[in-house]
Amino acid sequence: MITVSQTLEAIQDSSAEEVVSQCIDRIEASKFNTFITVAKESALEVAGKMEGHTGPLVGVPIAIKDNISTKGIQTTCASRILGGYVPPYDAHVIERLKAAGAIIVGKVNMDEFAMGTSTETSHYGPTLNPWDTETVPGGSSGGSAATIAAGEVPLALGSDTGGSVRCPASFCGVVGLKPTYGVISRYGLISYANSLEQIGPIASNVADMTLLFNVIAGHDPRDSTSVPSEKDYTKALVDDVKGLTIGVPKEYFGEGIDQAVEKSVWDSVHRLEDLGASWQEVEMPHTKYALAAYYVIAMSEASSNLARFDGMRYGLRLEKDHDWHTTYSEIRAQGFGEEVKRRILLGTYALSAGYMDKYYLKALKVRTLIKQDFERALKSTDVLIAPTMPTPAFKLGEKISDPLTLYMADVNTVPVNLSGVPSVSLPCGFSDGLPIGLQIMGKHFDEKTIIRTAYTFEQNTNFHTKAPEVV
Amino acid sequence: MREESLKLRPYLDEVGVMIGLEIHVQLNKLNTKIFCGCPLDYHDDGPNTHTCPVCLGLPGSLPVINRKAVEYSIKVGLALNCSIEEHTQFYRKNYYYPDLPKGFQITQYDYPIASSGYINIEGEDGEVRVRINRAHMEEDPGRLVHEGGSIERSKYTLIDYNRSGVALLEIVTEPDIRSPKEARRFLDKLRNILGYLDVVDTTLEGSMRVDANISLSGGSRSEVKNISSHKGAERALLFEIVRQKNLLRRGGKVVQETRHFDEARGVTVSLRTKEEAHDYRYFPEADLVSLKVADWAPGIAKTLPELPDARRERFVSQYGVTDDHAKSLTSEKQVADFYEDVVIKCSNYYKPDESIDYYIELDIPSLVAVFIADKLKGELNYRDLNIDSFKVEDMIGLIKLIHENKITEQSGVEVIRTILDEGGTPDEVVAAKGLLKAGSDLVTAAVEEVISENPDAVEDYQNGKQEAVNFLMGQVMKKTKGRADAKEVRKMIIQRI
Chain P
0 MITVSQTLEA IQDSSAEEVV SQCIDRIEAS KFNTFITVAK ESALEVAGKM EGHTGPLVGV
60 PIAIKDNIST KGIQTTCASR ILGGYVPPYD AHVIERLKAA GAIIVGKVNM DEFAMGTSTE
120 TSHYGPTLNP WDTETVPGGS SGGSAATIAA GEVPLALGSD TGGSVRCPAS FCGVVGLKPT
180 YGVISRYGLI SYANSLEQIG PIASNVADMT LLFNVIAGHD PRDSTSVPSE KDYTKALVDD
240 VKGLTIGVPK EYFGEGIDQA VEKSVWDSVH RLEDLGASWQ EVEMPHTKYA LAAYYVIAMS
300 EASSNLARFD GMRYGLRLEK DHDWHTTYSE IRAQGFGEEV KRRILLGTYA LSAGYMDKYY
360 LKALKVRTLI KQDFERALKS TDVLIAPTMP TPAFKLGEKI SDPLTLYMAD VNTVPVNLSG
420 VPSVSLPCGF SDGLPIGLQI MGKHFDEKTI IRTAYTFEQN TNFHTKAPEV V
Chain E
0 MREESLKLRP YLDEVGVMIG LEIHVQLNKL NTKIFCGCPL DYHDDGPNTH TCPVCLGLPG
60 SLPVINRKAV EYSIKVGLAL NCSIEEHTQF YRKNYYYPDL PKGFQITQYD YPIASSGYIN
120 IEGEDGEVRV RINRAHMEED PGRLVHEGGS IERSKYTLID YNRSGVALLE IVTEPDIRSP
180 KEARRFLDKL RNILGYLDVV DTTLEGSMRV DANISLSGGS RSEVKNISSH KGAERALLFE
240 IVRQKNLLRR GGKVVQETRH FDEARGVTVS LRTKEEAHDY RYFPEADLVS LKVADWAPGI
300 AKTLPELPDA RRERFVSQYG VTDDHAKSLT SEKQVADFYE DVVIKCSNYY KPDESIDYYI
360 ELDIPSLVAV FIADKLKGEL NYRDLNIDSF KVEDMIGLIK LIHENKITEQ SGVEVIRTIL
420 DEGGTPDEVV AAKGLLKAGS DLVTAAVEEV ISENPDAVED YQNGKQEAVN FLMGQVMKKT
480 KGRADAKEVR KMIIQRI
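Chains as they are written, first to last, in numbering that gives the first Met the number 0: chain P, 0 to 470; chain E, 0 to 496.
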């Protein structure tokens, strides 16, 4: 894997253009199907004009999840329905990255419309896990995490609606953050479930992830849910957890948890204890309802968010037009994949007259209870620690035909999105050569404490120094 | 619920007409659209020139509420005697239509910005109160242009998103209206109030769009859409009453349905029945945070202008004009402003002089009221002009001429007509047309001549035939070319014979 400091050194020694060119060579030679679109020409052009540009990421290549709008670069959400759609505007985070000097080298693979846990629902084929190409990289930001793990680029952006940054970070052995809802502007992020999701930074280590986070966080008047944040998050990169109180929710070690995962996470808690932190078990009794509530809310919002894709103004167009009812139906029938259709249909059902109380409104009540669980648990503790995923990466094709089993894999990540708190996943062990992810959750807007905890853990362990052999 | 039904107005006739209105008011006096910064001055520009990722609903774009649109809505709510909610929240109304680029409309559902108000109108049976159920904010969809003009015949349809995202306030009444004429009066009154608030330019096409719900004797109601004028509302409702009456008379049943008003043919046609009704799946719009509007209301209340009803009462008490004149003068803000401007300037700049023989029947405010409400307004309507077409200074000049007895009321009307048609000032018109009142010698001479030329008429009068005076008066007016004061002439003739 490559770090930002290595990249900046290489730029000093040669040039941004040279570094970006090598990066694109690696991407084009990738065996993991990490990219949907490589923006070779524009990346090289911009890299050639970096003279005099200042900023923390001048010349540093970055991969962008394909649901974040990039002006002039095709943005598909890994869906056939958005094939050929080139946004006329940049997402807020893209504007920030450009200002910081980062070079967008292309758009990475994902589950279609971010609906999945394995990057297998992409219209452009699955991304493979660089640690073992027979396993999935996790999802939905599978391309983002895999391209980092494969050492193709030093930085990537993902998005996290129910674990979509943390799950692939866990499966690919990299670092990914789901910030507090509102810390990063969603302007330009193509919505799947807008009350739950945040854009999140992914990198090979905590410091790089934080550096990227620092660039993209902050208030944006174009997103009403965005909040001011003027803190310098890199100040939290301190190797010290003395006096920190860790909460360990036992509900996150439930049925189906892999023993190696359980052991690695407990070892990590004890390692932090050795470094001066203390820990206690906490109760989060409503965790068992989180998964159901999450899927009802996410699918309900998705059914509305995806209504705009009708082929009229952009994206897939059929050869022959009919009346608008027929044309809409045909475009949506042909343009959306199975999983997307499943979620639109279930979400539509959950919001329908006569069912709304039973599903959507009930799910909102559960959401409130989950929030209260977090508030209570974090009253007596500073952070919560749990496995990101109950297991290491599973095999390609193993769960894709059984949606319910696949949904169950999100059991430890979705409560975070329901409550809106920040959470980071970083490598904490291996099981049969596959990485295990440690999840550190914090209080609303207290990214600094989870970053400090993650940084301290990383500085005192060597899991992050391991990389898959990419031949 | 029971209390509500107790409050309901009784039917006015045996048919039992009950009407409720939903009025979409475009807040077109705002500078920008409701959720983005696109300007609203698109009426003279080509299609799709005032758009951005937000109002085009491009993937990834997000709405941001226009503060001013919220303030305008609160202003209207307060003017309609509504209470302003503690919190207001936006919802998504989900349905597919080509003019709706997101596949849902951002609107309000629970927690509309204003609710439970009323407007008083002149009903068929005196002043009545039409209750306002609610007023809620939403975005206007784009505009469909069917090539060839008709949805049935056109080969293709074009979409103009310039209108997409313009702020709308939907005002929903209770079913308190009892006749098509009352519906029209309600709409006129509403337009008048909106004009006073200066939040909407009602002269722009589509600035007030009406849906009407109508039922007979508590039967099923039909909803008539696509009504674009107040006259259209009256016609559509008249048509519906006849249609429903005939249906019931033939033993049929009125079904709950949505009907489309075909303005050109003056008929309503069925669009869809209750069974085909949409399930809009309303749910909260998470991209917009809830607004604590209760905190905004007191400040906005202070900025409310004097509204038509209050102004009308003030005109009566302050200027001593009749209630009818006050009503007519205040029915349009610009006219009321014009009136007050003239009255105030007359009393400021126009100092009566003792040596002048004044027109004493009416004081200045009443004289001005007569000339604006009874004369100028009619001439303007006839020419399809508005009050801006006549200068305050010219009205002051005209009033002065009449009040100083220099021209007759009839000549005054002529002055108004001439200024509107040909221009000029009152003094110029009077001079050019020789309208100055004939001197008393001239009038006396004319009276003498007429009496000696028409002995029969004089005799008729002396035999008790009062109408004979009118004939003699007419002759005098003819001789003086209308420049004599009719009342005075009458007095003189009667004295003389």
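Note that CB positions come from ideal geometry on N, CA and C, so glycine has one too.
The structure presented is a predicted model; accordingly, all values stated were derived computationally and were not measured.
Notebook entry, point to check: Under the rule that 16 or more other beta-carbon atoms within 10 Å means buried, what is P:G47, buried or exposed?
Noted result: Under this definition P:G47 is an exposed residue.
Next item on the list: Could you check which residue in E:L247, E:F260, E:C35 has the C-alpha nearest to that of E:E233?
Entry: When only C-alpha atoms are compared, the closest one is E:F260.
Checklist line | Burial state of E:A113, where buried means 16 or more other Cβ atoms lie within 10 Å | finding: Buried, since its Cβ has 16 or more Cβ neighbours within 10 Å.
Note to self: By the DSSP assignment, the alpha helix (DSSP H) with P:T53 in it spans what residues?
What the structure shows: Unbroken run through P:T53: none, as it is neither H nor E.
Notebook entry, point to check: P:S143: which of P:I450, P:S203, P:G100 sits nearest, CA to CA?
Noted result: Relative to P:S143, the option among P:I450, P:S203, P:G100 whose CA is nearest is P:S203.
Item checked: Continuous beta strand (DSSP E) assignments of at least 3 residues falling wholly in the region 372-454 of chain P -> Fully enclosed beta strand (DSSP E) runs of 3 or longer: 382-386, 422-430, 433-441.
Checklist line | Closer than 9 Å at the beta carbon, the chain E residues around P:N416 | finding: In chain E, no part has a C-beta under 9 Å from the C-beta of P:N416; the shortest such distance is about 12 Å.
Next item on the list: Go ahead and label E:M17 buried or exposed: buried means 16 or more other beta carbons lie within 10 angstroms of its beta carbon, across all protein chains shown.
Entry: The residue in question, E:M17, is buried, as its Cβ has 16 or more Cβ neighbours within 10 Å.
Note to self: Could you pull the DSSP bridge partners for E:Q25 from this structure?
What the structure shows: E:Q25 is bridged to E:L167.
Check: Thinking just about the alpha-carbon of each residue, which of P:T224, P:L274, P:V214 is nearest to the one in E:A285?
Finding: E:A285 has its Cα closest to that of P:T224, out of P:T224, P:L274, P:V214.
Checklist line | Against chain E: residues of the region 108-121 of chain P by CB proximity under 7 Å | finding: Of all residues in the region 108-121 of chain P, none comes within less than 7 Å of chain E when Cβ atoms are compared.
Notebook entry, point to check: With a CB to CB cut of under 7 Å and the five nearest residues on each side skipped, what residues in its chain are close to E:V468?
Noted result: Excluding residues within five positions, the ones whose Cβ falls inside 7 Å are Y460, R489, I492, I493.
Item checked: For P:S158, the nearest candidate out of P:F212, P:G436, P:A148, P:H122 (CA to CA) -> With respect to the C-alpha of P:S158, the residue from P:F212, P:G436, P:A148, P:H122 having the closest C-alpha is P:F212.
Notebook entry, point to check: Do P:A62 and P:S424 have their CB atoms nearer than 7 Å?
Noted result: Using a Cβ distance threshold of 7 Å, P:A62 and P:S424 do not count as a contacting pair.
Notebook entry, point to check: For the putative contact between E:V449 and E:I496, defined by C-beta atoms under 8 Å, what is the C-beta separation to the nearest angstrom?
Noted result: Between E:V449 and E:I496 a beta carbon distance of about 10 Å is seen, past the 8 Å cut, so the two are scored as non-contacting.
Next item on the list: Reducing DSSP to helix, strand and coil, say where E:S4 ends up.
Entry: Note that E:S4 has pLDDT 41, beneath the 50 cutoff, so the model's placement of it is unreliable and no number is given.
Note to self: Would you say the beta carbon of P:V247 is closer than 6 Å to some non-hydrogen atom of the ligand NAP?
What the structure shows: With respect to small molecules bound, the structure shown includes none, and the ligand NAP cannot be examined in it.
Notebook entry, point to check: Given that P:A90 touches chain E, what residues does it touch there, using C-beta distances under 7 Å?
Noted result: Under the 7 Å cutoff, chain E gives G59.
Next item on the list: Mark E:N509 as exposed unless 16 or more other C-beta atoms lie within 10 angstroms of its C-beta, in which case mark it buried.
Entry: Lying before the first or after the last residue shown, residue 509 of chain E is absent from chain E, which here runs from 0 to 496.
Checklist line | DSSP state of P:W130 mapped onto helix, strand, coil | finding: Coil.
Check: Where does the unbroken beta strand (DSSP E) through E:H145 begin, and where does it stop?
Finding: Per DSSP, E:H145 belongs to the beta strand (DSSP E) from 142-145.
Checklist line | Rounded straight-line distance, which links the Cα of E:T87 to that of P:D222 | finding: Taking the straight line joining both Cα atoms gives about 18 Å.
Checklist line | Pairwise C-alpha distance: E:G473 and E:T424 | finding: So the alpha carbons of these two residues sit roughly 29 Å apart.
Next item on the list: Taking only beta carbons into account, state which residues of the region 415-427 of chain E come closer than 9 Å to chain P, listed in chain order.
Entry: Correct list: empty, as no residue qualifies.
Item checked: Partners in chain E for P:P471, counting only beta-carbon separations shorter than 9 Å -> Outside the modelled stretch of chain P, which goes from 0 to 470, sits residue 471 of chain P, for which no answer is possible.
Notebook entry, point to check: Cα-Cα, which of P:P220, P:S14, P:K39, P:C76 is closest to P:R484?
Noted result: The structure shown does not extend to residue 484 of chain P, since chain P is modelled only from 0 through 470, so no value can be given for it.
Check: Roughly how many angstroms lie between the CA atoms of P:K239 and P:V57, to the nearest whole one?
Finding: Checking the displayed sequence, the identity of residue 239 of chain P turns out to be Asp instead of Lys. C-alpha separation (whole angstroms): 30 Å.
Margin query: Just to make sure I have the definition right: I need the residues of chain E whose C-beta is within less than 7 Å of the C-beta of P:A352. Which are they?
Written below: Below the 7 Å Cβ cutoff, chain E contributes D278 as neighbours of P:A352, in chain order.
Checklist line | Nonlocal neighbours in the same chain, by C-beta distance under 6 Å from P:T326, ignoring five residues either side | finding: Only D320 meet the Cβ criterion.
Note to self: Once the 5 residues before and after P:R316 are set aside, which same chain residues still bring their CB inside 7 Å of it?
What the structure shows: For P:R316, where only same-chain residues beyond five positions count, the Cβ hits under 7 Å are G310.
Margin query: Please state the DSSP three-state secondary structure of P:F34.
Written below: Three-state DSSP puts P:F34 in a strand.
Check: Applying the criterion that 16 or more other CB atoms from any shown protein chain within 10 Å of the CB defines a buried residue, is E:A445 buried or exposed?
Finding: So E:A445 counts as buried.
Check: Taking the alpha carbon of E:E204 as the point to measure from, which residue in E:H23, E:D373, E:D484, E:I363 has its own alpha carbon closest?
Finding: When only C-alpha atoms are compared, the closest one is E:H23.
Check: Taking the alpha helix (DSSP H) that E:T417 falls in, what are its first and last residues?
Finding: First-last of the alpha helix (DSSP H) with E:T417: 408-421.
Notebook entry, point to check: Cα-Cα, which of P:Y313, P:K361, P:A392, P:A206 is closest to E:P58?
Noted result: Comparing C-alpha distances from E:P58 to each of P:Y313, P:K361, P:A392, P:A206 shows the shortest one belongs to P:Y313.
Notebook entry, point to check: Given 8 Å as the limit, is there contact between the region 346-363 of chain P and the region 295-306 of chain P, that is, 3 or more CB pairs closer than that?
Noted result: Yes: at least three Cβ pairs fall under 8 Å.
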